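Novice: This is the structure I want to talk about, given as structure tokens.
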Amino acid sequence: MEPSKKRGRWICGSMMVFVVSFSAAQGSLAANAPAEKRITKQFLTSGQVDLAREVVTLPLHRGRLSSGETVWFVLTDVSDFATSKKMGLTWAPSLAKAKDLTSTRVAEMDDSGKFTFKSGRIDFSPSQTLVGGEAPNFFPPKTARPGSVGDAHYSPLVRVTNDKDIVFNAPVIAFDVGSEKIAFCNGSPDYSVVTDSVASICPDKGTVDLKLRFGFANGKHLRYLSFDANSEESATLESSTFAPAESDILQSGATEVIYTIVNGNMGAKDPNRQGLDSAIKGEGPSLDILAHFTEINAGYSPMWDVRLAEWTKEAISKDQRKLITDGDDLEAKSASGLLVSPAGGPVKTTGNLVNCPVVGFTDE
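Using numbering that gives the first Met the number 0, the letters of the sequence shown map in sequence onto residues 0 to 363.
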């Protein structure tokens with residue numbers, strides 16, 4: 000098929016760069032990154048990870064709305080342990096806390112595993128646009144428009160009413176299109192019909208390659224995926240779907256905490272580079288920190304409560320900025336006043352929520 004005609008706009012200060020998608024493959028994490036990388040612990044075992052391409056291949060599921068539209072989606076996490084083992088999904092027991100939320104969609108699953116959803120539509124036709132602020136403060140952006148938008152009933156969480164009310168994380172990849180419209184087995188997908196994190200998609204084979212994102216947890220490199228966010232800004236920065244309905248998940252307890260540095264060190268080759276200013280400028284991923292994640296346990300959730308952290312002018316003047324890879328380290332720096340919330344005071348929740356299933360730790 001023809002390469003995508005949709006173009007995301009990425010504009011930093013007075014410089015304009017046209018890219019296929021803001022989620023284009025994220026380069027090396029720091030200067031002199033090792034040539035060989037491997038997954039040391041994989042949580043989403045249904046996926047095949049390719050660190051050379053920085054993608055994970057997942058099974059592509061085809062379901063439908065009760066009104067008849069086709070729903071293309073993936074499954075990443077589930078609240079039930081036995082189901083997680085059977086399907087190779089990440090066990091996320093805290094998702095059970097979200098089963099009765101308004102935003103959690105309702106579905107039924109037949110004997111062959113096909114889903115029929117009661118609600119939840121997504122428009123993938125918008126072009127993703129990010130306009131950075133004036134240098135050197137590229138964040139907050141002047142403009143942030145996500146490349147896909149969910150309706151008032153869409154969230155990635157789905158409660159299966161005819162199977163013990165199990166809650167799945169089932170983000171939508173494409174909506175109301177036939178297989179011929181999304182067949183991009185060799186890459187260059189049309190982002191007006193699929194989500195911006197797709198690297199390639201092959202309905203006939205039942206697979207989709209999704210771009211991995213880079214971060215840290217417990218001092219180690221972490222790979223994860225990003226599908227949905229409850230704010231336009233977060234959805235644009237994450238190259239994901241704007242899903243305003245999922246905001247009520249924040250109050251459910253079915254969340255983890257993720258820290259995002261705003262104004263870390265700049266420079267693509269700086270080993271301490273980190274943060275949104277650097278990412279929006281185009282130097283590399285923001286390298287967020289999942290607060291206290293070490294292993295899958297009863298508290299794990301793919302739904303992350305975003306907390307912004309900004310280095311103070313004093314910390315910068317005293318050359319105390321460095322790469323942060325551990326949530327405890329960040330919280331200690333917040334307690335000592337080196338890091339603050341952009342809104343003032345200690346680092347705290349922003350009210351932004353992102354759906355970012357973990358894939359695994361790497362050894363780089």
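Yeah, the Cβ is synthetic: ideal placement off N, Cα and C, and Gly gets one too. Because the structure is a prediction, the values reported are computed rather than measured.
(1) Leaving out the 5 sequence neighbours to the left and right, which residues in its chain are closer than 7 Å to Lys-96 when beta-carbon positions are compared?
(2) Given a threshold of 16 other Cβ atoms within 10 Å of its Cβ, counted over all protein chains shown, does Phe-116 qualify as buried or as exposed?
(3) Per DSSP, Lys-210 is paired with what?
(4) Nearest-angstrom Cα distance between Val-207 and Ala-314?
(5) For the structure I just gave you, are there three or more beta carbon pairs, one from the segment 220 to 238 and one from the segment 353 to 361, closer than 8 Å?
(6) Kindly confirm or deny that the segment 333 to 348 and the segment 269 to 278 touch, where touching means at least three C-beta pairs closer than 8 Å.
(7) Taking buried to mean at least 16 other C-beta atoms within 10 Å of its own C-beta, is Ala-242 buried or exposed?
(8) Quick test of the definition: if touching needs 3 or more C-beta pairs under 8 Å, does the segment 144 to 152 touch the segment 36 to 52?
(9) Going by Cα to Cα distance, which pick from Lys-84, Trp-310 and Gly-62 is closest to Ser-335?
(10) Should Val-171 and Val-105 be called a contact, given that it needs their Cβ atoms to be closer than 8 Å?
(11) Taking the Cβ atom as the reference point for each residue, do Leu-43 and Thr-75 lie within a distance shorter than 8 Å?
(12) Kindly indicate if chain D contains any beta-carbon less than 8 Å away from that of Asp-325.
(13) Using DSSP with H/G/I as helix, E/B as strand and the rest coil, what is Leu-236?
(14) Give me the Cβ distance between Val-357 and Tyr-223, rounded to the nearest whole Å; I'm assuming they're in contact under 8 Å.
(15) List in chain order: all unbroken alpha helix (DSSP H) runs of 4+ residues lying wholly within the segment 220 to 269.
(16) Could you compute how far the alpha carbon of Ser-180 sits from the alpha carbon of Val-192?
(17) Which residues bound the alpha helix (DSSP H) around Glu-330?
(18) In or out: Pro-135 buried (at least 16 other Cβ within 10 Å) or exposed?
(19) How many Å lie between Ile-10 and Ile-121 at the Cα?
(20) Counting along the chain, where does the beta strand (DSSP E) carrying Ile-165 start and finish?
(21) Would you mind working out which of Leu-156, Ser-316 and Leu-236 sits nearest Pro-140, comparing C-alpha positions?
(22) Closest to Thr-240 by C-alpha separation, out of Ala-216, Thr-194 and Phe-72, would be which residue?
(23) Using 8 Å as the threshold, is the C-beta distance between Phe-72 and Ala-169 below it?
(24) For a test of the three-state rule: what should DSSP assign to Thr-75, helix, strand or coil?
(25) Of all the alpha helix (DSSP H) runs that stay within the bounds of the segment 51 to 137, which reach a length of 4 or more residues?
(26) Of the choices Ala-216, Ser-238 and Thr-89, whose alpha-carbon is the least far from that of Phe-226?
(27) Which word fits Gln-101, buried or exposed, when buried means at least 16 other C-beta atoms lie within 10 angstroms of its C-beta?
Specialist: To lay it out plainly:
(1) For the purposes of this step, residue 96 is taken as residue 97 along the sequence shown, with counting starting at 1. Closer than 7 Å at Cβ, skipping near neighbours: Ser-251, Gly-252 and Ala-253.
(2) Looking up residue 116 in the sequence shown gives position 117. By the Cβ-count criterion, Phe-116 is buried, with 16 or more other Cβ atoms from all chains shown falling within 10 Å of its own Cβ.
(3) Position 211 of the sequence shown, counting from 1, holds the residue named residue 210. Beta-bridge pairing links Lys-210 to Val-54.
(4) Translated into positions along the sequence shown, residue 207 becomes position 208. Translated into positions along the sequence shown, residue 314 becomes position 315. Near 44 Å, if we compare the C-alpha coordinates of Ala-314 and Val-207.
(5) Touching, per the Cβ criterion.
(6) Cβ pair count under 8 Å is below three, so no.
(7) Translated into the one-based positions of the sequence shown, residue 242 becomes position 243. Burial state of Ala-242 is buried, judged by a 10 Å Cβ sphere holding 16 or more other Cβ atoms.
(8) Segments in contact, no.
(9) Taking the sequence shown and counting its residues from 1, the one referred to as residue 335 is at position 336. Among Lys-84, Trp-310 and Gly-62, the Cα nearest to that of Ser-335 is on Trp-310.
(10) By 1-based counting over the sequence shown, the position of residue 171 is 172. By 1-based counting over the sequence shown, the position of residue 105 is 106. With a cutoff of 8 Å on beta-carbon distance, Val-171 and Val-105 are scored as not near each other.
(11) As a working mapping, residue 43 is identified with position 44 in the sequence shown. As a working mapping, residue 75 is identified with position 76 in the sequence shown. Inclusion of Leu-43 and Thr-75 in the CB contact set at 8 Å is warranted, their separation being smaller than that value.
(12) Of the protein chains in the structure, only one exists, and it is not chain D.
(13) To locate residue 236, count along the sequence shown from 1; it is residue 237. Looking at Leu-236 - three-state DSSP - the assignment turns out to be helix.
(14) Sequence index remark: in the sequence shown, residue 357 carries index 358 (1-based). Sequence index remark: in the sequence shown, residue 223 carries index 224 (1-based). That pair is a contact at about 5 Å.
(15) Contiguous alpha helix (DSSP H) elements confined to the segment 220 to 269 occur at 231 to 236, taking only those with 4 or more residues.
(16) Residue 180 sits at position 181 when you count from the first residue of the sequence shown. Residue 192 sits at position 193 when you count from the first residue of the sequence shown. Residue 180 is actually Lys in this sequence, not Ser. The C-alpha of Lys-180 lies about 8 Å from the C-alpha of Val-192.
(17) In the sequence shown, counting from the first residue as 1, residue 330 sits at position 331. From DSSP, the alpha helix (DSSP H) with Glu-330 extends over 326 to 334.
(18) Reading the sequence shown from its first residue, position 136 is the one you call residue 135. By the neighbour-count criterion, in which 16 or more other beta carbons inside 10 Å mark a residue as buried, Pro-135 falls on the exposed side.
(19) Position 11 of the sequence shown, counted from the start, is the residue given in the question as residue 10. Position 122 of the sequence shown, counted from the start, is the residue given in the question as residue 121. No answer about Ile-10 holds up, because its pLDDT of 44 lies below 50 and its placement is not dependable.
(20) Numbered from its first residue, the sequence shown carries residue 165 at position 166. Start and end: 165 to 168.
(21) Position 141 of the sequence shown, counting from 1, holds the residue named residue 140. Closest option to Pro-140, judged by alpha-carbon separation, among Leu-156, Ser-316 and Leu-236: Leu-236.
(22) Indexing the sequence shown from 1 puts residue 240 at position 241. When C-alpha distances from Thr-240 are compared across Ala-216, Thr-194 and Phe-72, the shortest belongs to Thr-194.
(23) As a first step, residue 72 must be located in the sequence shown, where it is residue number 73. As a first step, residue 169 must be located in the sequence shown, where it is residue number 170. Closer than 8 Å, so yes.
(24) Taking the sequence shown and counting its residues from 1, one reaches residue 75 at position 76. DSSP places Thr-75 in coil when its eight states are reduced to three.
(25) 80 to 86, all fully within the segment 51 to 137.
(26) One-based indexing of the sequence shown puts residue 226 at position 227. The residue from Ala-216, Ser-238 and Thr-89 with its alpha-carbon nearest to that of Phe-226 is Ser-238.
(27) On the sequence shown, position 102 is the one that residue 101 refers to. Reading the sequence as shown, one finds Thr at residue 101 and not Gln. Burial check for Thr-101: the Cβ neighbour count within 10 Å stays below 16, so the residue is exposed.
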